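Single-structure report; data block below.
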C-alpha cells in the first residue's frame, strides 16, 4: 500500500458535478493498493496516516482532530520505466483494492478520525490547496552517524539522496509518500 499525504488548507472531490467529499485544514491522502496488501496493511497505513506528525507544532491528525480526505489512486503504482506508456500491473485490481481502501477509511474512523472520501472507480476531480511547511527547522537535521554523500544516479530519488547524505530540509508544502 502506498500513500501520498499532503497538508491542505482545503481539499475536495467532485464527481459528476457534485462534491462527494471535502475538508478544511487537514490531510489529503492519495491511496494506492498493490496485490500483496492485506487488511493488516490497511490497519497499519491508517495508523501511520493518523499519527503522522506533519501538522503545526509537529502534531498529528490524531492530536488535533484534523480531518482526512482519502482518495483511491491506482496511479501510485504506475511504472513508466519502459516505453512511453505507463504500466498499471503493480496496482491491485479494483475488486481487491476497493475493500482495502474501505478498510483504511474504517480503521481511521475507528481511531476517531473525521474522514471524507472520494468515490471508487469514478472519474474524480480532486482539488486541493496545499499548506506548509509544518515547521521551519533552523538548519539541516542530521542523523547521529553522518553518512557519506552518495553519487546520484538517474534512478536515485531525492529523498534517498537526502537521507543518505544526512540532510533533511522541509521547504514548501508537506507532501510525503508512505509505503506500507
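In our numbering, the protein residues as written are 1 to 180.
From the three backbone atoms N, C-alpha and C, an ideal C-beta is built for every residue, glycine too.
The structure presented is a predicted model; accordingly, all values stated were derived computationally and were not measured.
Taking C-alpha atoms, which residue in 54, 40, 38 and 103 lies nearest to residue 4? 54
Beta-carbon contacts of residue 114 that lie in its chain and below 6 Å, excluding the five residues immediately before and after: 67
Grab me the residues of residue 39's own chain with a C-beta within less than 6 Å of its C-beta, minus the 5 sequence neighbours each way, in chain order. 103
What runs of the beta strand (DSSP E), each 3 residues or longer, lie entirely inside the stretch 90 to 120? 115 to 117
Buried or exposed: residue 125, going by 16 or more other Cβ atoms within 10 Å of its Cβ? exposed
Residue 36 (DSSP reduced to helix, strand or coil): coil
Helix, strand or coil for residue 10, going by three-state DSSP, please let me know. strand
Mind checking whether residue 46 and residue 108 have CB atoms under 8 Å apart? yes
Would you tell me roughly how many angstroms separate the C-alpha atoms of residue 181 and residue 127, rounded to the nearest one? Since the first residue of the chain shown is 1 and the last is 180, residue 181 is not available in this structure.
DSSP three-state call for residue 22: helix, strand or coil? strand
In terms of alpha-carbon separation, which member of 61, 96 and 122 lies closest to residue 17? 122
What is the C-beta distance between residue 42 and residue 74, in whole angstroms, given that I count them as a contact (C-beta under 8 Å)? Contact doesn't hold; Cβ gap of about 15 Å is too wide.
Which residues mark the beginning and the end of the beta strand (DSSP E) in which residue 75 is found? That residue, residue 75, is in no beta strand (DSSP E); it is neither H nor E in DSSP.
The alpha helix (DSSP H) that contains residue 122, what's its start and end? Unbroken run through residue 122: none, as it is neither H nor E.
Can you check DSSP and say which residues form a bridge with residue 68? 27 and 115
DSSP beta-bridge partners for residue 55? 59
8 Å Cβ shell around residue 91 - same chain, five flanking residues per side excluded: 32, 33, 34, 74, 75, 76, 77, 78 and 97
What do you get for residue 211, buried or exposed, if any count of 16 or more other CB atoms within 10 angstroms of its CB means buried? In the structure as shown, the chain begins at 1 and stops at 180. Residue 211 is therefore absent and cannot be evaluated.
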